[in-house]
Structure formats: C-alpha cells, structure tokens
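Enquirer: Just dropping this structure here.
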Amino acid sequence: VTPGSVCAVFGLGAVGLAAVMGCKNAGASRIFAVDINEQKFEKAKVFGATDFLNPKAYNKPISEVLAEMTNGGGV
Numbered sequence: 002v003t004p005g006s007v008c009a010v011f012g013l014g015a016v017g018l019a020a021v022m023g024c025k026n027a028g029a030s031r032i033f034a035v036d037i038n039e040q041k042f043e044k045a046k047v048f049g050a051t052d053f054l055n056p057k058a059y060n061k062p063i064s065e066v067l068a069e070m071t072n073g074g075g076v
C-alpha cells in the first residue's frame with residue numbers, strides 16, 4: 002500500500018480491522034470495508050475505512066461492484 006492507494010478489506014474481525022488501520026497508516030485514499038455484518042461498519046470507520054459494502058446487498062460479484070465504484074481502477 003502506497004500513499005493514494007485504493008484498498009479493499011474483506012472481513013472486519015480483528016485481523017480485518019488491523020488491515021484497515023494498516024491501509025490508513027500507509028496513506029490509502031480510499032479503504033473499502035467489506036462484510037456481511039453491517040454492525041461492524043461503525044468500528045471499521047473508527048479504524049479508517051471510508052466506504053462500506055455488504056456483498057449480500059448486490060446481485061453481482063463484489064469485485065464488479067468495486068470496479069464500478071472505482072471507475073474501473075480496481076483496488
């Protein structure tokens with residue numbers, strides 16, 4: 002992860018939250034937090050996540066959703 006990177010973290014347990022924090026500390030400009038439990042989004046926001054996705058809310062693969070949200074730039 003370099004300054005300005007766009008990251009996605011799948012799963013917001015202890016390891017996922019540590020990954021979010023690592024992305025933030027490395028200077029990521031956007032950090033997508035992905036989890037099926039939306040109650041975890043608030044904690045992820047505290048750790049630095051900027052965008053939140055529940056894969057169950059979409060009828061297509063989350064990789065396609067991320068591509069659309071980053072204008073094809075991906076994560």
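Each number in the working numbering corresponds to the 1-based position in the sequence shown with 1 added. Backbone N, C-alpha and C define an ideal beta-carbon position, used for all residues, glycine too.
Give the DSSP bridge partners of A15, in chain order.
Expert: Residue numbering aside, residue 15 sits at position 14 when the sequence shown is read from its first letter. Answer is none; A15 lacks a bridge partner.
Enquirer: Between E39, T51 and V35, which has its C-alpha nearest S64's C-alpha?
Expert: Taking the sequence shown and counting its residues from 1, the one referred to as residue 64 is at position 63. When only C-alpha atoms are compared, the closest one is V35.
Enquirer: Quick one: what does DSSP say A9 is sitting in, helix, strand or coil?
Expert: Along the sequence shown, one-based indexing puts residue 9 at 8. Reduced to three states, the DSSP call for A9 is strand.
Enquirer: Tell me the residue span of the alpha helix (DSSP H) that contains V66.
Expert: The sequence position of residue 66 within the sequence shown is 65, counting from 1. Per DSSP, V66 belongs to the alpha helix (DSSP H) from I63 to M70.
Enquirer: Given a cut-off of 9 Å, decide if N60 and E39 are closer than it, judged by their beta-carbon atoms.
Expert: Taking the first residue of the sequence shown as position 1, residue 39 is located at position 38. Taking the first residue of the sequence shown as position 1, residue 60 is located at position 59. Contact: no.
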